[in-house]
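Q: My questions will all concern the structure given below.
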Amino acid sequence: MGYPLEQFGSMAALEALLRQRICSICVDRNMDGTCSLNQRNDCALFDRFPRIVRSISRVNSEKIDDYVTAIREDVCADCINQALDGSCKLRDEVRCVLDRYLLLIIGVIEEAKRITLKQGKIVSLV
Ligand code: SF4
Ligand code: SF4
């Protein structure tokens with residue numbers, strides 16, 4: 008059974024956490040901390056952030072493949088970069104931020120979920 012998106016309390020806080028954790032190690036980040044991608048929708052993580060959180064939240068499994076399947080179904084399926092045969096050039100070339108850091112993204116969201124369940128809100132994951 009999925010975890011209701013609303014239960015995170017603040018999607019803004021969750022997004023801030025992801026920006027802290029992922030942007031800080033992202034290869035598309037400039038030295039000054041800004042993003043080198045020009046358009047917001049060039050970042051596959053923050054362009055469709057609520058959908059990604061919802062997708063990961065509906066999985067309750069110890070198998071990473073189950074999360075990958077959910078992301079492929081919920082996010083990649085209607086992404087303009089995915090071909091009809093399910094392949095994705097950006098994914099193959101490790102240029103999709105979402106795919107490149109998927110394990111870390113899942114870890115942060117699952118951690119936020121556990122803390123929210125325990126404390127009622129995301130206080131800090133640092
Ligand atoms: S591409 Fe996305 S994850 Fe990477 S630095 Fe830019 S906004 Fe952050
Ligand atoms: S892996 Fe490809 S299809 Fe999936 S979100 Fe990234 S760019 Fe889009």
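Our numbering applies: residue 8 is where the sequence shown begins, and numbers increase by one.
By construction, the Cβ of each residue, glycine as well, lies at the ideal position given by its N, Cα and C atoms.
1) I'd like the list of long-range same chain contacts for residue 105, defined as Cβ closer than 8 Å, with 5 residues on each side in sequence excluded.
2) Taking the DSSP output, what are the residues bridged to residue 28?
3) Taking just the CA atoms, how far does residue 85 sit from residue 32?
4) Given the structure, does residue 115 come close to ligand 1, in the sense that its CB is under 7 Å from one of the ligand's heavy atoms?
5) Just to confirm before moving on: does the CB-CB distance between residue 44 and residue 115 stay below 8 Å?
6) Would DSSP call residue 95 helix, strand or coil?
7) Could you give the residue range of the alpha helix (DSSP H) that holds residue 44?
8) Give the DSSP-derived three-state secondary structure of residue 65 in the structure shown.
9) When DSSP labels each residue in this structure, what does residue 36 get in the three-state scheme?
10) Does DSSP put residue 130 in a helix, a strand or coil?
11) Could you pull out every residue in the same chain whose Cβ sits closer than 6 Å to the Cβ of residue 98, ignoring the five residues on either side in sequence?
A: For this structure:
1) 51, 52, 59, 78, 82, 112
2) Residue 28 pairs with nothing; no bridge assigned.
3) 27 Å
4) no
5) no
6) strand
7) Note, residue 44: premise wrong, no alpha helix (DSSP H); not H, not E.
8) coil
9) strand
10) Note that residue 130 scores a pLDDT of 48, beneath 50, so its modelled location is shaky; the value from the coordinates is reported in the next line. Of the three classes helix, strand and coil, the one that applies to residue 130 here is coil, per DSSP.
11) 106
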